[in-house]
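Using this note's numbering, the letters of the sequence shown correspond one by one to residues 58 to 310. Structure record follows, encoded as structure tokens.
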Amino acid sequence: MLGALIQGCALGTFLVLSGVMPRDRDRGVVTRDTVINVVNGLVLFGLRVTLIAWLAAHMTLGLVDAASLQQPWLQVLVAFLLLDFSRYWLHRAHHRVPWLWTFHRVHHMTEQLDATAGLRMHVVDFVQLSLLPVVIFSVVLDVTGWAGWVLPAALSIGAVFDAFQHANLAWNPKHPLARVWNILLNHPHFHAWHHTRDGSRCDGNYGNTLVIWDRMFGSDVTGESLPEAYGLERDQALQNDLIGMQLLRQPAP
58 MLGALIQGCA LGTFLVLSGV MPRDRDRGVV TRDTVINVVN GLVLFGLRVT LIAWLAAHMT
118 LGLVDAASLQ QPWLQVLVAF LLLDFSRYWL HRAHHRVPWL WTFHRVHHMT EQLDATAGLR
178 MHVVDFVQLS LLPVVIFSVV LDVTGWAGWV LPAALSIGAV FDAFQHANLA WNPKHPLARV
238 WNILLNHPHF HAWHHTRDGS RCDGNYGNTL VIWDRMFGSD VTGESLPEAY GLERDQALQN
298 DLIGMQLLRQ PAP
């Protein structure tokens, strides 16, 4: 529940900040897409505290003992790096594997990015992302000897950056501080290029918190200016409502 509280605070904070210094000044802080995102997120949260929680309680093989990592700061660092690295590759697969893209395009259908856009995902995507830390820290690694706050802290870093990178915030990538930030960390300008409508020709920027994975593996597609439009290309479009996007319904002609 602490993780949900931190995520909620991050969403609220970056929504408010987007009202103070918006990237797109011609839209409100709360739009129809914002409402759809939040409702979808609440539904998926219900799934997390029921089905995902049950699965997590029963997937406890712990093949590799991680008790040798005794310092909590080192535990957080290792957990964070494992999560961010594995999320990069899962996200890349969502775009490069046609069957996975069928579901992941739900996340890309919004044409108005804001801090809540990360809540817009298909249930198939959500189950994969939710089970990823379970597989790493319960099936593969035995972390029962770690401090209880370590995994929630590592997961919360990703949740905060998810809200930040999607936010409708003005970000000047040429500013000296922004250049320093961009050495390692994600930001709204970098992630905007992940959501460009011209995804068939410009597909990349999969990292969640760290941008180094995209540079290491050749998927950095950041342009100097912002993309002209966001969302899906016409042949990929879906109905922009809660039921329609979960059922992958195409809009009426």
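We put the CB at the ideal spot given by N, CA and C, even for glycine.
Spatial neighbours of residue i in its chain, beta-carbon cut-off 7 Å, leaving aside the 5 residues before and after
| i | result |
| --- | --- |
| Leu-68 | Ala-172, Thr-173 and Ala-220 |
| Leu-241 | Leu-267, Val-268 and Ile-269 |
| Ala-124 | Gly-202 |
| Asp-271 | Gly-261, Asn-262, Tyr-263, Gly-264 and Asp-277 |
| Pro-129 | Ala-204 and Val-207 |
Of the residues the options, the one placed nearest residue i, counting alpha carbons only
| i | options | result |
| --- | --- | --- |
| Thr-279 | Ile-300, His-252, Met-302 and Leu-289 | His-252 |
| Trp-158 | Ser-276, Thr-266 and Ser-257 | Ser-257 |
| Leu-198 | Ile-63, Val-184, Leu-120 and Arg-89 | Leu-120 |
| Thr-88 | Val-191, Pro-129, Gln-169 and Arg-149 | Gln-169 |
| Gly-85 | Leu-72, Asn-97 and Gln-296 | Leu-72 |
| Phe-142 | His-164, Gly-98, Ala-61 and Gly-264 | Gly-264 |
| Leu-140 | Ala-249, Ile-193, Ser-75 and Ala-309 | Ile-193 |
| Leu-65 | Trp-250, Ile-214 and Met-273 | Reading the sequence as shown, one finds Gly at residue 65 and not Leu. If we check each option's Cα against that of Gly-65, Ile-214 comes out closest. |
| Thr-91 | Asn-225, Pro-209 and Pro-230 | Asn-225 |
| His-179 | Leu-104, Gln-128 and Asn-239 | Leu-104 |
| Leu-126 | Gly-301, Cys-259, Phe-274 and Val-200 | Val-200 |
| Leu-134 | Gly-275, Pro-155, Asp-182 and Pro-209 | Pro-209 |
| Gln-293 | Gly-275, Pro-155, Pro-230 and Glu-281 | Pro-155 |
| Thr-70 | Pro-230, Phe-218, Gly-275 and Phe-274 | Phe-218 |
| Glu-281 | Asn-239, Trp-130, Met-273 and Arg-144 | Asn-239 |
For residue j and residue i, believed in contact at Cβ under 8 Å, the rounded distance
| i | j | result |
| --- | --- | --- |
| Val-77 | Gln-132 | At roughly 36 Å, the Cβ-Cβ gap does not stay under 8 Å, so Val-77 and Gln-132 are not in contact. |
| His-152 | His-161 | 7 Å |
| Val-223 | Gly-175 | Residue identity differs from the one stated: residue 223 is His in this sequence, not Val. Yes, they are in contact, since the Cβ atoms of His-223 and Gly-175 sit about 5 Å apart, within 8 Å. |
| Pro-308 | Gln-296 | 5 Å |
Cβ neighbour criterion (16 or more within 10 Å) applied to residue i
| i | result |
| --- | --- |
| Leu-313 | Given that the chain is displayed from residue 58 to residue 310, the structure contains no residue 313 and the question cannot be resolved. |
| Leu-59 | exposed |
| Thr-107 | exposed |
| Gly-205 | exposed |
| Val-237 | exposed |
| Trp-146 | exposed |
| Ala-249 | buried |
| Arg-149 | buried |
| Arg-82 | exposed |
| Ala-136 | buried |
Under 9 Å between C-beta atoms of residue i and residue j
| i | j | result |
| --- | --- | --- |
| Gly-288 | Thr-167 | yes |
| Leu-283 | His-246 | yes |
| Ala-286 | Arg-306 | no |
| Ile-63 | Ala-216 | yes |
| Ser-195 | Met-116 | yes |
| Leu-304 | Val-100 | no |
| Arg-177 | Gly-98 | yes |
Sequence-distant residues of its chain with Cβ nearer than 8 Å to residue i (five each side left out)
| i | result |
| --- | --- |
| Glu-290 | Arg-254, Asp-255, Gly-256 and Ser-257 |
| Trp-228 | Arg-80, Ala-235, His-244, Pro-245 and His-246 |
| Ile-109 | Val-184, Ser-187, Leu-188 and Val-191 |
| Leu-112 | Leu-188 and Val-191 |
| Leu-74 | Ala-224 and Leu-226 |
6 Å CB neighbourhood of residue i in its chain, flanking five on each side removed
| i | result |
| --- | --- |
| Phe-102 | none |
| Val-95 | Thr-173 |
| Leu-118 | Val-196 |
| Asp-122 | Asp-199 |
| Asp-182 | Phe-160 and His-161 |
| Pro-230 | His-246 |
| Arg-144 | Asn-265 |
Test: residue i CB closer than 9 Å to a CB of chain D
| i | result |
| --- | --- |
| Ala-211 | In the structure shown, chain D cannot be found, because there is only a single protein chain. |
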